[in-house]
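Okay, so here's the structure we're looking at.
In UniProt numbering, the protein residues as written are 1 to 325.
Shown next, in the form of structure tokens:
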């Protein structure tokens, strides 16, 4: 099969922001699947680090196959590729194999620094994934809300960045959550109500400690977040998200390819990688109990409990206790 008209055969994902890189690669793979009318399991996707492969292995992947099967090859950390690997990538870029979409992830520096401009000259579609400056952060937040079909005034966007911080993963999650929780009615007051204090301590900070069973660290983070006014609904939502992520990834974590799992589960790759590292110590029984706890907490922070601070602390203690050392 020939490369589809809607998806170029050669892509350069250029930069070092992990969130943007993961999102871009996932979007490209979805685009290939959509153009070729293939499901999740029908399109082979091979993901490898440049430093973890040898020349013969890479040559086999990049060469035309007998039946020209559709496939996607993602070469990560290309900035660290050796001389032979660089030569093979450039050769494949000059004459793309039929049916192959090559995605090269490059930081822009490294020992193979010259590979990036060489790929650009060969016609690679470039996807900028570098760190964002202040102006670009504003555009990023505006774009996240636009994706949620929400229009937000500039002062609300500025308040969002000030409250949440510059971490793109957390900004994207915060935009999605705020759009859902407010029904799209977002102004400065709504931002401050939901995300006050998040730049100092986020719900993710607390949830990360809970999932690994760090009771002391989780309680310290929770109490500080409470003291500076972080919204209880945000803390509860972050904990619920962490628990549900472990529940989704857990059954497939052993020996699973994070990139393929991300596609299968409809989750970003960074989230799957993180969950695979954290899933140890959890089993179906303990994660089931944790899901019941966070479900009850969701109701508690939305009015069911007389003291939502106490409800949060008890939930943190209970979930931490469920994790086996």
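A virtual CB, placed ideally from N, CA and C, is assigned to each residue, including glycine.
Quick caveat, the model's predicted, so the values are computed rather than measured.
Would you check if the distance between the CB atom of residue i and the CB atom of residue j is smaller than 9 Å?
i: residue 246; j: residue 211; result: yes
i: residue 242; j: residue 207; result: yes
i: residue 23; j: residue 258; result: no
i: residue 250; j: residue 275; result: yes
i: residue 320; j: residue 215; result: yes
i: residue 49; j: residue 76; result: yes
i: residue 108; j: residue 116; result: yes
i: residue 219; j: residue 91; result: no
i: residue 232; j: residue 301; result: yes
i: residue 60; j: residue 270; result: no
i: residue 209; j: residue 221; result: yes
i: residue 305; j: residue 239; result: no
i: residue 281; j: residue 323; result: yes
i: residue 69; j: residue 34; result: no
i: residue 203; j: residue 230; result: yes
i: residue 71; j: residue 46; result: yes
i: residue 237; j: residue 298; result: yes
i: residue 78; j: residue 122; result: no
i: residue 168; j: residue 20; result: yes
i: residue 153; j: residue 187; result: yes
By the DSSP assignment, the beta strand (DSSP E) with residue i in it spans what residues?
i: residue 128; result: 125-128
i: residue 246; result: Careful: residue 246 lies outside any beta strand (DSSP E), inside the alpha helix (DSSP H) at 232-249.
Given a threshold of 16 other Cβ atoms within 10 Å of its Cβ, counted over all protein chains shown, does residue i qualify as buried or as exposed?
i: residue 15; result: buried
i: residue 136; result: exposed
i: residue 27; result: exposed
i: residue 155; result: exposed
i: residue 73; result: buried
i: residue 287; result: buried
i: residue 149; result: exposed
i: residue 177; result: buried
i: residue 228; result: exposed
i: residue 253; result: buried
i: residue 63; result: exposed
i: residue 114; result: exposed
i: residue 131; result: exposed
Where does residue i sit, in a helix, a strand or coil, going by DSSP?
i: residue 47; result: strand
i: residue 287; result: helix
i: residue 220; result: helix
i: residue 76; result: strand
i: residue 94; result: helix
i: residue 18; result: helix
i: residue 71; result: strand
i: residue 61; result: helix
i: residue 12; result: strand
i: residue 321; result: helix
i: residue 197; result: Residue confidence for residue 197 is low, a pLDDT of 49 falling below 50, so the modelled location carries little weight and cannot support an answer.
i: residue 305; result: coil
i: residue 30; result: helix
i: residue 185; result: coil
i: residue 7; result: coil
i: residue 83; result: helix
i: residue 331; result: The question about residue 331 has no answer, for the chain in this structure spans 1 to 325.
i: residue 294; result: helix
i: residue 150; result: coil
i: residue 23; result: helix
i: residue 253; result: coil
i: residue 315; result: helix
i: residue 310; result: helix
i: residue 112; result: coil
Starting from residue i and walking both ways along the alpha helix (DSSP H), at which residues does that stretch end?
i: residue 102; result: Unbroken run through residue 102 is the beta strand (DSSP E), 100-106; no alpha helix (DSSP H).
i: residue 145; result: 134-147
i: residue 263; result: 258-265
i: residue 204; result: 203-211
i: residue 178; result: 168-182
i: residue 270; result: 269-278
i: residue 119; result: 115-121
i: residue 157; result: 154-164
For residue i, decide whether its Cβ has a neighbour in chain C, counting only Cβ atoms nearer than 9 Å.
i: residue 31; result: Structure shown: chain C not included; a single protein chain is present.
> Would you call the stretch 98-105 and the stretch 6-16 in contact, with 3 or more CB pairs under 8 Å?
Replying inline: yes
> Can at least three beta-carbon pairs, one atom from the stretch 137-152 and one from the stretch 172-189, be found at a separation below 8 Å?
Replying inline: yes
>> Within 8 Å, do at least three Cβ pairs link the stretch 77-84 to the stretch 41-61?
In response: yes
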